[in-house]
Amino acid sequence: MARDFRVGIMFDREQPPEQLTAFARLVEDGGADDLWLVEDLSWGGSIAAAATVLANTQRLRVGIGLCPAPLRNPALLAMELATLARLHPGRLAAGIGHGVPQWMRQVGAWPKSPLALLEETAHALQTLLRGQELTAHGKHVTIDGLRLVHPPEQVPPVLIGAMGPRTLRLAGRVGEGSILVEGLDPKHLAATRAVVEEGRAERTEPGPHETVALVYVHVSDDPDLSHVTGPVAAELSAVLDVPVEEIFFAAGPPAKVAEDLQSLHEAGVDTFALHLVGEDQFEQARRVLDALC
């Protein structure tokens with residue numbers, strides 16, 4: 001099926017890690033471009049998961065969406081990303097973000113200036129992954145004269161997970177892409193992208209910028225899906241501080257889901273990371289990929 005956007009499926013954190021390889025192969029066989037992974041405290045580590053997927057598939061790009069910057073020393077993270085990128089050239093996208101404040105505080109990692117830490121981490125990763133020497137003395141990142149011995153030939157893009165306006169502008173100013181939160185309808189997504197573009201306008205050398213949208217999806221022929229979508233939408237409306245009826249959820253038969261995603265693409269999405277909700281996510285993935293790919 002002809003399309004001008006990337007299709008990715010997220011491996012849900014609630015699924016046990018031993019299902020990851022089978023799910024990744026199903027997603028690849030279904031024609032998807034990406035498999036997306038999360039790194040939420042208490043669930044699973046993204047680097048180990050990414051290595052597993054890359055080693056057990058042939059062409060999928062693996063998107064990390066995202067590593068919490070407060071949990072990761074940028075030198076070590078750059079080393080791990082560089083290793084993956086050399087072993088699997090062109091198949092990695094690295095997302096970083098603030099992390100959930102409550103979780104970061106739970107392990108004593110929440111910084112005094114989250115925005116400064118995120119920018120310093122992004123700069124460190126980009127510099128090191130390009131094979132350049134880095135000396136940095138910031139508010140949170142201190143590195144003296146470090147250069148990777150084995151930098152990747154194909155440098156993975158560093159994407160910024162963003163929700164608030166200051167972080168969205170930061171994503172545009174320093175990121176090679178942005179990862180946008182679930183629940184944004186076309187109107188809110190276009191407005192969010194406009195804030196990212198404000199940041200991009202500040203760049204001295206504007207380059208390509210990939211807009212990745214996390215999208216809640218439930219594939220079903222059931223005419224009433226409120227029992228599935230309602231609780232998720234209610235929780236997200238509190239996070240985004242928008243009315244629950246404005247929470248975007250691509251739900252229904254595969255053709256309806258495809259139409260919903262097309263409306264988001266027209267609002268500016270380059271890449272979808274579909275966050276499947278509900279029972280039998282293997283079957284949901286098969287059905288939505290049949291419609292999209």
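Counting from 1, one number per residue, gives the positions in the sequence shown under UniProt numbering. Backbone N, C-alpha and C fix where the C-beta goes; we use that ideal spot for every residue, glycine too.
Round the Cβ separation of residue 313 and residue 170 to the nearest angstrom and send it over; I've been treating them as touching at under 8 Å.
Residue 313 is absent from the model: the chain starts at 1 and stops at 293.
Simplified DSSP state of residue 263, which is helix, strand or coil
Position 263 of the sequence shown, counted from the start, is the residue given in the question as residue 263. Three-state DSSP puts residue 263 in a helix.
Can you tell me whether residue 290 is helix, strand or coil according to DSSP?
Position 290 of the sequence shown holds residue 290. Looking at residue 290 - three-state DSSP - the assignment turns out to be helix.
Start and end of the beta strand (DSSP E) containing residue 34?
Here residue 34 refers to the residue found at position 34 when the sequence shown is read from its first residue. Residues 34-37.
Does the stretch 232-241 come into contact with the stretch 190-206, if we say contact requires no fewer than three beta-carbon pairs (one atom in each stretch) closer than 8 Å?
no
Taking residue 144 as the reference, which of 3, 127 and 278 has the closest Cα?
Locating residue 144 in the sequence shown gives position 144, counting from the first residue. Minimum Cα distance to residue 144 is reached at 127.
Once DSSP output is grouped into helix, strand and coil, what is the label at residue 210?
As a working note, residue 210 is residue 210 in the sequence shown. DSSP places residue 210 in strand when its eight states are reduced to three.
Have a look at residue 151 and residue 86 and give me their C-alpha separation to the nearest angstrom.
Locating residue 151 in the sequence shown gives position 151, counting from the first residue. Locating residue 86 in the sequence shown gives position 86, counting from the first residue. Cα to Cα, residue 151 sits roughly 8 Å from residue 86.
So, does the stretch 240-257 touch the stretch 2-21, judging by three or more C-beta pairs under 8 Å?
no
With a CB to CB cut of under 8 Å and the five nearest residues on each side skipped, what residues in its chain are close to residue 290?
As a position in the sequence shown, residue 290 is number 290, starting the count at 1. Same-chain partners within the cutoff: 30 and 254.
If contact is defined by three or more beta carbon pairs under 8 Å, each pair taking one atom from either stretch, is the stretch 161-169 in contact with the stretch 135-144?
no
Nearest CA to the CA of residue 217: which residue from 230, 210 and 209?
Counting from one through the sequence shown, the residue named residue 217 turns up at place 217. Checking every option, the nearest Cα to that of residue 217 belongs to 230.
Rounded C-alpha distance that separates residue 232 from residue 182:
Position 232 of the sequence shown, counted from the first residue, corresponds to residue 232. Position 182 of the sequence shown, counted from the first residue, corresponds to residue 182. Looking at the two C-alpha atoms, the distance is approximately 10 Å.
Can you look up residue 135 in the DSSP assignment and give me helix, strand or coil?
Here the question's residue 135 lines up with position 135 in the sequence shown. DSSP places residue 135 in strand when its eight states are reduced to three.
For residue 168 and residue 212, believed in contact at Cβ under 8 Å, the rounded distance
Here residue 212 refers to the residue found at position 212 when the sequence shown is read from its first residue. Here residue 168 refers to the residue found at position 168 when the sequence shown is read from its first residue. No, residue 212 and residue 168 are not in contact; Cβ-Cβ is about 13 Å, not under 8 Å.
Checking 8 Å against the spacing of the C-beta atoms, do residue 159 and residue 264 come in under that value?
As a first step, residue 159 must be located in the sequence shown, where it is residue number 159. As a first step, residue 264 must be located in the sequence shown, where it is residue number 264. Result no, Cβ atoms of residue 159 and residue 264 do not sit closer than 8 Å.
Start and end residues, beta strand (DSSP E) containing residue 251
On the sequence shown, position 251 is the one that residue 251 refers to. It spans 250-252 - the beta strand (DSSP E) in which residue 251 sits, taken as one unbroken run.
Please determine, among 186, 193 and 55, the residue with the shortest C-alpha to C-alpha distance to residue 247.
Mapped onto the sequence shown, residue 247 falls at position 247. Residue 186 is the option with its Cα nearest to residue 247.
Could you say which of 23, 18, 77 and 17 lies nearest to residue 281 if we only look at CA atoms?
Looking up residue 281 in the sequence shown gives position 281. Here the closest residue by C-alpha is 23.
Ignoring anything shorter than 3 residues or poking outside the stretch 109-195, list the beta strand (DSSP E) runs there in chain order.
134-137, 142-146, 158-162 and 177-180
Residues near residue 225 in its chain [Cβ-Cβ closer than 8 Å; skip 5 each side]:
The residue labelled residue 225 in the question sits at position 225 within the sequence shown. Around residue 225: 218, 251 and 252.
Do residue 8 and residue 271 have their C-beta atoms within less than 8 Å of each other?
Along the sequence shown, one-based indexing puts residue 8 at 8. Along the sequence shown, one-based indexing puts residue 271 at 271. Yes, the Cβ-Cβ distance between residue 8 and residue 271 is below 8 Å.
Is the CB-CB distance between residue 138 and residue 95 below 8 Å?
On the sequence shown, position 138 is the one that residue 138 refers to. On the sequence shown, position 95 is the one that residue 95 refers to. Not closer than 8 Å, so no.
Could you check which residue in 266, 261 and 101 has the C-alpha nearest to that of residue 292?
Taking the first residue of the sequence shown as position 1, residue 292 is located at position 292. Of the candidates 266, 261 and 101, the one whose C-alpha sits nearest the C-alpha of residue 292 is 261.
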